[in-house]
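Asks: Sending over a structure as structure tokens; questions will come in a sec.
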Amino acid sequence: MARPHNKKNEQKRPFTSKDRSTEAWQRRKNCKRLAELSENEPAVQQLEELVFGHAYSTLEDEDVEVPPQQKKEKQAVLAQSDDESEARLRPPPTKKAAWIDEDDYLEEEVDMKHPFRSYLTRGEAESSMTKEKLRHRMKDQFQKAMGGAPAWAVSGATKVTKDDEEEEEEDDEDDLLRRTGNLVGSSDQLSSGILRMKKCPSTNVARPSDDSLTSLQFHPSAQVALTAGLDGALSLFQVDGKTNGQIQSIHLDRFPVHKARFTREGDAVVATGLRNKMFYVYDMMEGRVMPVPHVRGLRESRVKEFCVCPEGGALLLTGSRGYLHRLTLKTKEVVSSMKINGEVVDVALSADGSKVFVHSEDGEVYVWDARSSRCLCKFFDDGCVAGTAIAASPDGHYLACGSRSGVVNLYRQEACLNSANPKPLKAFMNLVTPASALAFNPSSEILAMASRHEDEAVKLVHLASATVFSNFPIFKSKVLYRTSCMDFSPHGGFFSLANNKGYAPLFRLLHYKSF
1396 MARPHNKKNE QKRPFTSKDR STEAWQRRKN CKRLAELSEN EPAVQQLEEL VFGHAYSTLE
1456 DEDVEVPPQQ KKEKQAVLAQ SDDESEARLR PPPTKKAAWI DEDDYLEEEV DMKHPFRSYL
1516 TRGEAESSMT KEKLRHRMKD QFQKAMGGAP AWAVSGATKV TKDDEEEEEE DDEDDLLRRT
1576 GNLVGSSDQL SSGILRMKKC PSTNVARPSD DSLTSLQFHP SAQVALTAGL DGALSLFQVD
1636 GKTNGQIQSI HLDRFPVHKA RFTREGDAVV ATGLRNKMFY VYDMMEGRVM PVPHVRGLRE
1696 SRVKEFCVCP EGGALLLTGS RGYLHRLTLK TKEVVSSMKI NGEVVDVALS ADGSKVFVHS
1756 EDGEVYVWDA RSSRCLCKFF DDGCVAGTAI AASPDGHYLA CGSRSGVVNL YRQEACLNSA
1816 NPKPLKAFMN LVTPASALAF NPSSEILAMA SRHEDEAVKL VHLASATVFS NFPIFKSKVL
1876 YRTSCMDFSP HGGFFSLANN KGYAPLFRLL HYKSF
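Quick note, the working numbering runs 1395 ahead of the 1-based positions in the sequence shown.
Right, dumping it as structure tokens:
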């Protein structure tokens, strides 16, 4: 019986000298055939050498020299192969358009005078803007409001080490030294043309007045506003531009309030009526209302108009027949008096309280020294027949005088003190009814003008350029009505008005960062 074939049982035959000679003969035969092929088809040989390596290369004969003709043919094949590879990697040529429409490349202009886009402009010159520029402007505005782009939103953002920061700073310094151009940043000065603002809920939205508002004022140090009106109510509100919550409201029985003001320290409120000699002092610290029925040394039938002196805890009362009386709140008595020719229509005090500016019914302006009660100078308001209002800027540079014709003249205070006939810097004729209220903002960059004889008769002036802001008032619905009083917050961030509808419209001035 034959044994089945098994690989495990099969033994390997040893490699003999006969096998070596057979293998050498077979190798020589193959080399001979390749040599014949090389003589007939040199291009084929070169291609084989390029793909599979040199046919004659072995461990023993690597240093064999190649004939010059074969070298040239090999280099030509390699160059041809490189050209073909580059041609495959090269992108296909773009085809030229047969026809081009020039209208496709026109940049469409967007009207920037619209109230919803006016806050994006940086001056009166930007009345229109391309869509691409508007997109970048809106992106910058959003990133500025959000404090810059977050790290997770930046593509390819990596963790920055301390060494990377130092290298980046060095690169920035080198780049700064290499560049030339405008390296000055944007100015903090208010620009003219468009005033960036936002409409907020009314200052007294938590408690509207039942009658006309006659007074409105922001607290000198706190984020609080005071409103008062003919309904006899004194109300305090926490102004945040969103809810404006009510803090407290005091009702004065049968006492229509004509004017209400915070004292210099802001710890009390003084309120006067329409036909009474008596006035009230509301102590906010103690929560107590104190009537003042009589003032020693005051011979007036009523106390109506007054100003709070910036120093000394005193009031400057406007009397009849051209008198001004200075009384102290501590003792409730008159300490000095001043008199002008004609009737007093309005009074303004300098920021330090050293000077008193008085506008008379005859259009004459008087400047008094508050400490000595001495008249320093007087002049006629240019072109004024009957004066109605006056205001002095907090920085001591400007003096604004309003008249019955609606014209508001802007003067330099220095010129008013040194000249008997000063000329106004600018006469604003935007109001067509008597100018009844004037107010400067704390930085003396804006002058607010208003008339209570017409609805929406309010204008804001850019003082540096002596031009009126074109976007105020521009609203879809009427919100201002007849304005009797205006005020700016301590740092100019808010602007509010008191009107005859019992509301105090409030606006956020976006140029100013603080309240």
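Glycine residues also receive a C-beta, built at the ideal position from the N, C-alpha and C atoms.
Find the nearest neighbour of E1840 within the set P1789, P1829 and V1803, judged by alpha-carbon distance.
Replies: Answer by Cα proximity: P1789.
Asks: For V1664, count the other beta carbons within 10 Å of its own beta carbon; 16 or more makes it buried, fewer makes it exposed. Which is it?
Replies: Answer is buried; the Cβ neighbour count reaches 16.
Asks: Beta-carbon within less than 7 Å of H1653's beta-carbon, same chain only, minus the 5 sequence neighbours each way: which residues are those?
Replies: Within the same chain, H1653 has close Cβ partners T1609, T1667, G1668, L1669 and K1699.
Asks: If we ignore side chains and look at the alpha-carbon of each, how far apart do T1525 and G1518 end up?
Replies: Cα to Cα, T1525 sits roughly 15 Å from G1518.
Asks: Which one or two residues does DSSP pair with M1524 in a beta bridge?
Replies: Paired residue(s): V1505.
Asks: For Q1983, does the count of other Cβ atoms within 10 angstroms reach 16, so buried, or fall short, so exposed?
Replies: Limits of the chain in this structure are 1396 at one end and 1910 at the other, which puts residue 1983 out of reach.
Asks: Locate the beta strand (DSSP E) running through C1880, then write down its first and last residues.
Replies: Note, C1880: beta strand (DSSP E), T1878 to F1883.
Asks: Could you give the C-beta distance for F1889 and V1634, rounded to a whole number, given that I count them as a contact under 8 Å?
Replies: 6 Å between Cβ atoms; contact.
Asks: Looking at the structure shown, is M1679 part of a helix, part of a strand, or coil, going by DSSP?
Replies: Of the three classes helix, strand and coil, the one that applies to M1679 here is coil, per DSSP.
Asks: Looking only at its chain, what residues have a beta carbon closer than 6 Å to the beta carbon of S1678, apart from the 5 residues adjacent to it on each side?
Replies: The residue asked about is misnamed: residue 1678 is Asp in this sequence, not Ser. Closer than 6 Å at the Cβ level, and outside the excluded window around D1678, lie A1663.
Asks: Report, in whole angstroms, the separation of the C-beta atoms of R1691 and V1729, which I expect to be a contact under 8 Å.
Replies: So it is a contact: roughly 7 Å between Cβ atoms.
Asks: Less than 8 Å separating the beta-carbons of G1887 and S1838?
Replies: Yes. Within cutoff.
Asks: Measure the C-alpha to C-alpha separation of S1586 and D1648 and round it to an integer number of angstroms.
Replies: Rounded to whole angstroms, S1586 to D1648 spans 47 Å at the Cα level.
Asks: Any idea what DSSP makes of T1724, helix, strand or coil?
Replies: Here residue 1724 is Leu; the residue named in the question, Thr, does not match the sequence. If DSSP states are grouped into helix, strand and coil, L1724 belongs with coil.
Asks: Just confirm the distance between the C-beta atoms of C1811 and N1804, as a whole number of angstroms; I'd bet it's less than 8 Å.
Replies: So it is not a contact: roughly 11 Å between Cβ atoms.
Asks: According to the neighbour-count rule (16 or more other Cβ atoms, all chains shown, within 10 Å of its Cβ), is A1899 buried or exposed?
Replies: Classification for A1899: buried.
Asks: Quick one: grab the DSSP three-state call for E1911.
Replies: The structure shown does not extend to residue 1911, since the chain is modelled only from 1396 through 1910, so no value can be given for it.
Asks: With K1871 and E1851 assumed to form a contact (beta carbons below 8 Å), what rounded beta-carbon distance in angstroms separates them?
Replies: Wrong, their Cβ atoms sit about 13 Å apart, outside the cutoff.
Asks: As a quick exercise: from F1752, K1896 and S1749, pick the residue whose alpha carbon is nearest that of D1605.
Replies: Out of F1752, K1896 and S1749, K1896 has the C-alpha closest to the C-alpha of D1605.
Asks: K1750 and E1759: beta carbons closer than 8 Å?
Replies: No, the pair does not count as a contact, with Cβ atoms beyond the cut-off.
Asks: Identify every residue that forms a DSSP beta bridge with P1365.
Replies: Nothing about residue 1365 can be reported from this structure: the residues present for the chain run from 1396 to 1910 only.
Asks: Thinking A1786 and A1746 are a contact (beta carbons under 8 Å), I'd like their distance in whole angstroms, please.
Replies: Incorrect: roughly 12 Å between the Cβ atoms, too far for contact.
Asks: Starting from the N-terminal side, write out each stretch of the beta strand (DSSP E) that is 3 residues or longer and does not extend beyond the segment 1770-1826.
Replies: Listed in chain order, the complete beta strand (DSSP E) runs (minimum 3 residues) inside the segment 1770-1826 are 1782-1787, 1793-1798, 1803-1807 and 1821-1823.
Asks: Taking only three categories from DSSP, how would you classify C1704?
Replies: C1704 falls in the coil class under three-state DSSP.
Asks: By DSSP, does L1833 sit in helix, in strand, or in coil?
Replies: Three-state DSSP puts L1833 in a strand.
Asks: Exposed or buried, which one is H1689 when buried takes at least 16 other CB atoms within 10 Å?
Replies: Classification of H1689: exposed, given that the 10 Å Cβ count is below 16.
Asks: Whole angstroms are fine: how far does the CA of R1602 sit from the CA of Y1907?
Replies: Looking at the two C-alpha atoms, the distance is approximately 27 Å.
Asks: Can you tell me whether P1686 is buried or exposed, with buried defined as 16 or more other CB within 10 angstroms of its CB?
Replies: Classification of P1686: exposed, given that the 10 Å Cβ count is below 16.
Asks: Would you say D1757 and P1819 are within 8 Å of each other, going by their C-beta atoms?
Replies: No.
Asks: Measure the C-alpha to C-alpha separation of V1555 and R1903 and round it to an integer number of angstroms.
Replies: Because V1555 carries a pLDDT of 47, less than 50, the predicted location of this residue cannot be relied on, and the following value inherits that uncertainty. Between V1555 and R1903, the C-alpha separation is close to 38 Å.
Asks: If you compare alpha carbons, which of L1625, L1724, I1642 and L1905 is closest to L1631?
Replies: Among L1625, L1724, I1642 and L1905, the Cα nearest to that of L1631 is on I1642.
Asks: What does the alpha-carbon distance come out to for the pair Y1718 and A1781?
Replies: When rounded, the distance between both Cα atoms is 18 Å.
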